Amino acid sequence: MSDAKTNLVATKSLRYGTRRLMADDGFEARPRDARLLVAIGKARYATEDAKAADEAPVDDLAALRAEYQAKVGKKPYMGWDVATLRTKITEAEG
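With the numbering used here as the guide, the letters of the sequence shown map in order to residues 138 to 231.
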């Protein structure tokens with residue numbers, strides 16, 4: 138899996154990992170956690186670039202899952218990330 142992090146800013150006080158954050162504190166979170174924290178209103182993206190980078194792979198992941206299913210003939214493991222799916226598709230091709 139990737140060690141990518143998304144930059145966020147807390148909108149309310151919260152605990153993330155082992156840190157106690159107050160409103161307007163900046164921090165890094167895993168992309169999945171970032172989407173959740175933004176969705177429940179506890180944080181916002183630090184920049185629009187972070188938001189775009191965090192949302193883009195979701196569409197790419199759905200397309201890769203569909204491509205994997207078409208080429209291999211079975212559904213992919215839902216825990217695979219984009220890089221793993223690309224590797225599995227390449228292996229299936231040849």
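Ideal Cβ placement from N, Cα and C applies to all residues, glycine included.
Keep in mind the model is a prediction, meaning the values are calculated, not measured.
{"query": "Would you list the residues sitting across from residue 147 in a DSSP beta bridge?", "result": "180"}
{"query": "Is it buried or exposed for residue 143, if we count other Cβ within 10 angstroms and need 16 for buried?", "result": "buried"}
{"query": "Would a C-beta distance cut-off of 8 Å place residue 147 and residue 164 closer than the cut-off?", "result": "yes"}
{"query": "Tell me, which residues are paired with residue 158 by DSSP?", "result": "151"}
{"query": "Going by alpha carbons, who is nearest to residue 234 out of 150, 205, 181, 149?", "result": "Because the chain is modelled from 138 through 231, residue 234 falls outside the range shown and cannot be assessed."}
{"query": "From residue 207 to residue 157, what does the alpha carbon distance come to, in whole angstroms?", "result": "46 Å"}
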